[in-house]
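Chains as they are written, first to last, in our numbering: chain A, 14 to 347; chain B, -15 to 491.
Every residue gets a Cβ at the ideal spot worked out from N, C-alpha and C, and that includes glycine.
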Amino acid sequence: MAKIIKALKGWEGFLLALLTMIVIFNSTLAPEYLQVNNWINLFELSIEKIIVALIMAFIIINAEIDLSVASTMGLTAAVLAWMNHAGHPFALALATAFLMGALAGAFNGFWIAYVGLPSLVVTLATMIMYRGGARVFMEDKSFGDFPEWFNNLGQQGLIGPLPFALILFVILAALAIIILQYSGFGRYVYVIGNNREVARYSGINVRRIKLILFTFSGLISGMAGILFAARLGAVRGDTALGFELDIITMVLLGGVSIFGGSGSIFGVLLSILIILNLRNGMSLLNLTGHLQTGVIGILLILSVLLPNLAQRVQELWRRRRYRSSSGEEAVQMP
Amino acid sequence: MNPASQPIMQLRRISKRFGATQALDDVSLDIYPGEVQALIGENGAGKSTLIKIMTGIYQPDQGEMRLEGRPIKVRNSQEAQVYGIAAIYQEPMVFPDLNVAENIFISHRDFGPLVRWKEMHRRAEAILAQLDVRLDVRQPARGLTLAAQQVVEIAKAISLDARVLIMDEPTASLSAHEVRQLFLLVERLRKKGVAVLFIGHRLEEVFEIADRITILRDGKLIASHLASEGVSAEQVIREMVGREVEEFFAKTTAERGDIALTVENLGKRGVFSGIHFQVRRGEVLGFAGLVGSRRTDVGLALFGIEPADEGRIILDGQEVEIRSSRQALEHGVAYMSEDRRQLGLVLPMSITANITLPTLRSYLNGLGLVQRQKEKSVAEKFKERLSIRAPSVEAPVAQLSGGNQQKVMLAKWLNAGPKVLILDEPTRGIDVGAKAEVHQLVDELAEQGLAIIVISSDLPEVLSMCDRILVMREGRQMGVFSRDEATQEVIMTAAMGQNNAVAEGAS
């Protein structure tokens, strides 16, 4: 109980309050909003992005960034569609696509972890490169004709009305919470994000952990690309174009620090719910998509601004108290 | 040389305090035009603080500065520039992508909104000609030698009409030839009437260049000698270290066990070479030396952070290879960094998480999850044993005082169960009480059979804590002294490179 109260005080508490407000507001706008089908629909429209947001949270907490996720989605979807179209067995196409995703991630990881290049630059380059790869496979065409079971997996409910991707997301989210918050690996992710030198001086293999993270980023993005192909039933060269920004927005709005070292999956889940419901509510109000995007942008700026402000106020408060209690100012040795 | 003239700058009763440390205590100093004044003292004597006050980086708590008799307040380095006070440092701060002339005039605001390149190049050439230095002013600073970069810095100071030039260990990374060139330059500055404050560690250089030798110790000005009065090196060293050695704790001599660590001819190209020593179980070996003596680099080599590239490391009779900190830990070598905030602790994380960090694997269950109760109880144990004062072991270490943070760091490495524990400046920046506790603890650890290496710039500390003391100077081992032979004078003499014969004979 004490833990829950403590969590509510921080950024996550703010997100939870915001979410509650949006849900109440939306439900007064339209009675059908609260129906299960609407909620499933909400999730389904962004399911690939929110799956990738989970691994992106790991990457950003580790004080890195991966801009190439959407291009990796496009690349794996393209590989899958192209191989299927060329008449290869579908199982082989699937396996190749998965492998492609993992390789794309490992390629990023190699340059970042072992050569020491900044992830912003490496993944910007591979974002362009992987997108180029997708376009090479697809040219200007659109390939579909996937096996029926594959399309059904993307478009129909697996258990009742719940689609496969949503169930997968719930499982992955639970796994992400366990790994990040409770496992030794998760501890390392936070430590490296906070201060990679302390990690290195503590005998932690920083490079290996970064390589693992980026490989998983590629693998999961690849999987999301495959899910996207199943849902749409067809793939083009520009499939998933620009998704990376939505994904990063979800993570940052969830209270993950862009400088690394702090944040939680719980916060990211809340921010995902907020973005999805906010968009839904704005659609109910007949606001255009562009306007919706603008509102999300404002929210993102607030997400960076508010915790900073809160921290400053807190520090001022603490300093004043400290001064009056000890009569001496806190000392900072140079 | 005309030391009879009026001082250009006077420091009057300057004091500065950082927490528990009195960095400067009532220091008064006169600086004369056309005179080279050497400022010497041990690490932590207050030299850097004094420079930083003169250049406006720190404000003194008490005291005042006068320039040509008028009191001045230097609030930042821009103001120092206006007053004609300039400083150049061991590592020159040039902009590598700008050319020599641009670097010289980087701080000038008198060129108007547009750069007049020809004019700037001509003036840069004129300044360099004044100094009798040949350097292409159009050449980018990248690729200049350290010595040439210093020349650029000096030219910069001259372009700003600096009347007081502070040189903070300018010779530390120069070759002998470059030092000669630099001294010729200093000579010319002296003739021009510039007042030079020269901070140095090499006594022979100090005696060569200085007109006046001023000694700081523990933040106090101890003495100021005119070189013409013929002061001896012995006297200067005595004055540098001369404080009474207060016995802050009585060392117990632990039962010596087997040799835990043997290091043979360890070296790393361009950093250190020929390091040779043994440590037994229950023994505390001290590493003494001045800034730039590369003691920390030896520690980092043994811990695999910056592996050595020659020599042998033998642990418990087995030759081992240490290429990473992981390997070092597996072989039972732990290194506690001198930089608590940047390299030692994850400040926002809990005491528990920090203590278990190097050994986290042993707290994982079969699924790779951290067993919170297990690590918490270990942390509680250390909290009690080292009397870490904190509200709980779940408190972030950022909230603790320096001394308690230091204890958390000690706990972190003790918990790794090392055979050899390297402590780098274990008591830097902590108060007297915590310091005594750390000393006591190190003593106990040795008694329990740990082999301990203490790297410390605090000479009295090294003398009272250690069984033997290895002295380094500029990457070389100057000697190993037993507790009986080691006095502050002996250590300082070796550390400053005086009288090598004695030092080598003692190892």
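{"query": "What residues from chain A crowd round B:G328, counting only those whose CB sits closer than 8 Å?", "result": "V211, Y214"}
{"query": "Would a check of beta-carbon distances place B:P342 closer than 7 Å to chain A?", "result": "yes"}
{"query": "Tell me which residues of the segment 380 to 411 of chain B have at least one Cβ-Cβ distance to chain A shorter than 7 Å, keeping chain order.", "result": "none"}
{"query": "For the beta strand (DSSP E) that contains A:S196, what are its first and last residues?", "result": "Here A:S196 belongs to no beta strand (DSSP E), and DSSP marks it neither H nor E."}
{"query": "Does the beta carbon of A:S155 come closer than 7 Å to any beta carbon on chain B?", "result": "no"}
{"query": "What residues from chain B crowd round A:S196, counting only those whose CB sits closer than 9 Å?", "result": "L348, L351, G352, L353, V354"}
{"query": "Could you tell me whether any Cβ in chain A is nearer than 7 Å to the Cβ of B:R310?", "result": "yes"}
{"query": "Just how far apart, CA to CA, sit B:V356 and B:R324?", "result": "The sequence shown places Arg at residue 356 of chain B, rather than the Val named in the question. If I take the Cα positions, the gap works out to 25 Å."}
{"query": "Out of A:L133, A:G231, A:L313, A:S40, which one is the CA nearest neighbour of A:T89?", "result": "A:G231"}
{"query": "Is there a Cβ from chain B that is less than 7 Å from the Cβ of A:V204?", "result": "yes"}
{"query": "Helix, strand or coil: which one does DSSP assign to B:D14?", "result": "strand"}
{"query": "For the beta strand (DSSP E) containing B:P55, name the first residue and the last one.", "result": "54 to 56"}
{"query": "Counting C-beta neighbours from all protein chains within 10 Å, is the total for A:T41 16 or more, i.e. buried, or is it exposed?", "result": "exposed"}
{"query": "Quick one, which residues of the segment 280 to 297 of chain B are near chain A if we go by CB-CB under 7 Å, in chain order?", "result": "I289"}
{"query": "Using 7 Å as the threshold, is the C-beta distance between A:I63 and A:S132 below it?", "result": "no"}
{"query": "Measuring CA to CA, which of A:G310, A:T228, A:L322 is closest to A:I260?", "result": "A:G310"}
{"query": "Threshold first: 3 residues or longer. Then list the beta strand (DSSP E) segments lying entirely within the segment 140 to 194 of chain A, N to C.", "result": "170 to 172"}
{"query": "My output table needs one value for B:M(-7): the three-state DSSP class, helix, strand or coil.", "result": "strand"}
{"query": "Take B:N484 and list the residues in its own chain whose beta-carbon comes closer than 6 Å to its own, dropping the five residues that flank it on each side.", "result": "Annotation note: pLDDT 45 at B:N484 (below 50); position unreliable, no value reported."}
{"query": "Between the Cα of B:S441 and those of B:R(-3), B:P17, B:G28, spot the shortest distance and give me the residue it belongs to.", "result": "B:G28"}
{"query": "Of all the CB atoms in chain A, is at least one closer than 7 Å to the CB of B:L313?", "result": "yes"}
{"query": "So, is B:S277 buried or exposed, given that buried needs 16 or more other C-beta atoms within 10 angstroms?", "result": "buried"}
{"query": "Taking Cβ positions only, does A:N208 come closer than 7 Å to chain B?", "result": "yes"}
{"query": "Would you tell me roughly how many angstroms separate the C-alpha atoms of B:A337 and B:A312, rounded to the nearest one?", "result": "21 Å"}
{"query": "Can you name the residues that DSSP bridges to B:T198?", "result": "B:L23, B:S208"}
{"query": "Between which two residues does the beta strand (DSSP E) containing B:M320 stretch?", "result": "317 to 320"}
{"query": "With 7 Å as the threshold, decide whether the Cβ of B:S321 is near any Cβ in chain A.", "result": "yes"}
{"query": "Can you tell me which of the three DSSP states B:P76 falls into?", "result": "coil"}
{"query": "In terms of residue numbering, what span does the beta strand (DSSP E) encompassing B:M49 cover?", "result": "46 to 51"}
{"query": "Quick one: which chain A residues come within Cβ less than 8 Å of B:M333?", "result": "Y203, V204, N207"}
{"query": "For a contact defined as C-beta to C-beta under 9 Å, what are the partners of B:A337 on chain A?", "result": "R200, Y203, V204"}
{"query": "Between the Cα of A:W162 and the Cα atoms of A:G255, A:A104, A:S270, A:F256, which residue gives the shortest distance?", "result": "A:A104"}
{"query": "Give the range of the alpha helix (DSSP H) segment to which A:F103 is assigned.", "result": "103 to 122"}
{"query": "Please state if the CB of B:L23 and the CB of B:K31 are separated by a distance shorter than 7 Å.", "result": "yes"}
{"query": "Which residues bound the beta strand (DSSP E) around B:V247?", "result": "243 to 252"}
{"query": "In whole angstroms, what separates the C-alpha of B:N249 from that of B:D293?", "result": "10 Å"}
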